[in-house]
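Report on the structure given below.
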Amino acid sequence: MSYHVNEKGYYGEFGGAYIPEMLYPNVEELRQQYLKITAEPSFQAEFDALLKDYVGRPTPLYFAERLSKQYKTKIYLKREDLCHTGAHKVNNTIGQILLAKRLGKNRIIAETGAGQHGVATATVCALMGLQCIVYMGEIDIERQAPNVARMKMLGAEVRPALSGSRTLKDATNEAIRDWINNPVDTYYIIGSVVGPHPYPDMVARFQSVISQEIKTQLLEKEGKENPDYVIACVGGGSNAAGAYYHFLDDEEVNIIAVEAAGLGVDSGESAATSVLGKVGVIHGSKTLLMQSKDGQITEPYSISAGLDYPGVGPMHAHLYASGRAQFISITDDQAMQWGLKLSNMEGIIPAIESAHAFAVLDEMKFKPEDVVVINLSGRGDKDLNTYIEYFKL
Numbered sequence: 001m002s003y004h005v006n007e008k009g010y011y012g013e014f015g016g017a018y019i020p021e022m023l024y025p026n027v028e029e030l031r032q033q034y035l036k037i038t039a040e041p042s043f044q045a046e047f048d049a050l051l052k053d054y055v056g057r058p059t060p061l062y063f064a065e066r067l068s069k070q071y072k073t074k075i076y077l078k079r080e081d082l083c084h085t086g087a088h089k090v091n092n093t094i095g096q097i098l099l100a101k102r103l104g105k106n107r108i109i110a111e112t113g114a115g116q117h118g119v120a121t122a123t124v125c126a127l128m129g130l131q132c133i134v135y136m137g138e139i140d141i142e143r144q145a146p147n148v149a150r151m152k153m154l155g156a157e158v159r160p161a162l163s164g165s166r167t168l169k170d171a172t173n174e175a176i177r178d179w180i181n182n183p184v185d186t187y188y189i190i191g192s193v194v195g196p197h198p199y200p201d202m203v204a205r206f207q208s209v210i211s212q213e214i215k216t217q218l219l220e221k222e223g224k225e226n227p228d229y230v231i232a233c234v235g236g237g238s239n240a241a242g243a244y245y246h247f248l249d250d251e252e253v254n255i256i257a258v259e260a261a262g263l264g265v266d267s268g269e270s271a272a273t274s275v276l277g278k279v280g281v282i283h284g285s286k287t288l289l290m291q292s293k294d295g296q297i298t299e300p301y302s303i304s305a306g307l308d309y310p311g312v313g314p315m316h317a318h319l320y321a322s323g324r325a326q327f328i329s330i331t332d333d334q335a336m337q338w339g340l341k342l343s344n345m346e347g348i349i350p351a352i353e354s355a356h357a358f359a360v361l362d363e364m365k366f367k368p369e370d371v372v373v374i375n376l377s378g379r380g381d382k383d384l385n386t387y388i389e390y391f392k393l
């Protein structure tokens with residue numbers, strides 16, 4: 001079985017492009033061009049140079065000595081928190097802005113939840129001198145104020161999404177609406193492995209630099225390319241797709257996907273899509289989706305804005321349905337405690353999204369010889385206010 005996308009844009013039964021007719025030309029143009037353009041030597045050279053000199057790649061694969069000692073196994077952290085802008089998101093926005101330029105688009109739109117993708121989009125637009133409009137849920141604008149300020153400093157216009165739950169889902173709806181109204185000059189940079197084909201595959205390819213580096217770095221440190229476990233948090237799932245990408249077809253590598261259980265999977269305040277989701281269509285692709293009996297999207301909840309999404313990307317839906325990945329749900333409280341623990345034990349303050357991934361260490365037993373790689377997808381600066389309120393710091 002392949003875990004990569006097929007030529008029709010599906011991962012197993014998930015994926016595809018379920019889009020209004022108005023968007024068909026945009027999405028079709030992208031589908032026909034993305035593989036050709038990204039394979040061009042000039043594209044590759046520019047992409048690689050920017051990742052190296054602007055983003056600061058390769059990011060370190062850090063052996064977490066104190067954690068490893070406590071959990072009696074070998075724990076490595078892939079330090080995506082050290083990327084320029086503070087998270088993995090910029091790997092993808094660099095790739096997509098180069099694509100947009102080659103397609104002759106001069107107006108860029110994006111959606112953002114935690115604000116990291118918005119910052120990463122605003123960053124590359126400033127770098128390339130292109131107009132940038134970021135849609136963000138009104139609630140997320142409040143809880144991620146530092147990122148909103150960063151986007152504005154970078155020259156982006158931040159437009160609040162005032163409908164629905166006023167979070168990521170609604171910001172995405174607004175961005176799609178904008179794209180329908182401005183099809184000719186506008187390019188939509190989607191921030192995760194969601195949306196109509198080719199976005200999930202395209203974003204995964206741009207993020208696959210993460211697993212490519214893990215292989216090279218492990219060979220150097222452990223004398224083998226493959227870890228025993230790769231662990232990443234999943235909202236839409238771009239950091240996870242990047243961390244898993246080059247291991248998908250190596251069955252000896254255990255893939256662990258960590259979702260936000262919020263106040264508990266059965267609390268009604270959760271974003272654990274694998275447990276609570278049923279097959280449905282959201283934002284242009286068929287995937288697992290939290291929905292009511294009559295197909296209305298259920299509002300997700302997580303203390304971390306980046307995991308507060310009612311679905312997962314189609315690649316992850318397929319990894320779950322096929323049994324290739326093990327999905328684990330972690331509560332707000334577990335994640336917050338791990339944010340503090342990682343800070344105390346390794347001197348690294350993680351994004352709350354990333355902190356979810358670490359909680360797996362308390363849920364699973366690993367062997368002393370196991371090599372466990374945790375994708376530390378972002379740093380905690382953006383979440384300091386949430387940490388301050390939660391722990392009364």
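Just so we're aligned, residue 1 is where the sequence shown starts under full-length UniProt numbering, counting upward by one.
We put the CB at the ideal spot given by N, CA and C, even for glycine.
Distance from the CA atom of Y188 to the CA atom of K72, rounded to whole angstroms, is 45 Å.
Taking a C-beta distance under 9 Å as the contact criterion, D308 and T167 qualify as a contact pair.
Its Cα nearest to that of M22, the residue D178 stands out among M336, V148, D178 and G155. Shown here, P25 sits in a helix according to DSSP, grouped into three states. Relative to the Cα of S292, the nearest Cα in the group R79, I19 and T273 belongs to T273.
The Cβ-Cβ distance between A305 and R143 falls below 9 Å.
K367 has its alpha-carbon roughly 43 Å from the corresponding atom of D170. Here the C-alpha atom of L393 lies approximately 40 Å from the C-alpha atom of N226. Taking one beta carbon from each stretch, the stretch 340-347 and the stretch 265-282 have fewer than 3 pairs nearer than 8 Å; the two do not touch. Y34 and Q44 have their C-alpha atoms roughly 12 Å apart. In this structure, the beta-carbon distance from L288 to L67 does not fall below 9 Å. Inter-residue distance for V90 and N254 is about 26 Å (C-alpha atoms, whole angstroms). Between the alpha carbons of L376 and K382 lies a distance of about 15 Å.
Here F206 is not near A257, since their CB atoms are 9 Å or more apart.
Burial is judged here by how many other beta carbons sit within 10 angstroms of a residue's own beta carbon; M336 has at least 16 and is buried. Residue burial annotation: P20 is exposed, with fewer than 16 other C-beta atoms found within 10 angstroms of its C-beta. Two segments are said to touch when three or more pairs of C-beta atoms, one from each, lie closer than 8 Å; by this definition the stretch 226-239 does not touch the stretch 123-134.
By the neighbour-count definition (other C-beta atoms within 10 Å, threshold 16), I176 is a buried residue.
DSSP places N181 in no beta strand (DSSP E) but in the uninterrupted alpha helix (DSSP H) bounded by L168 to N181. In the three-state DSSP reduction, L61 falls in the strand class (E or B). C-alpha of V148 to C-alpha of S208: approximately 27 Å in a straight line. Partner residues in the beta bridge of G311, as assigned by DSSP, are L289. Boundaries of the beta strand (DSSP E) around E111: R107 to T112.
DSSP places M128 within a helical segment (H, G or I) once states are collapsed to three. Going by C-alpha positions, L51 is about 31 Å away from S302.
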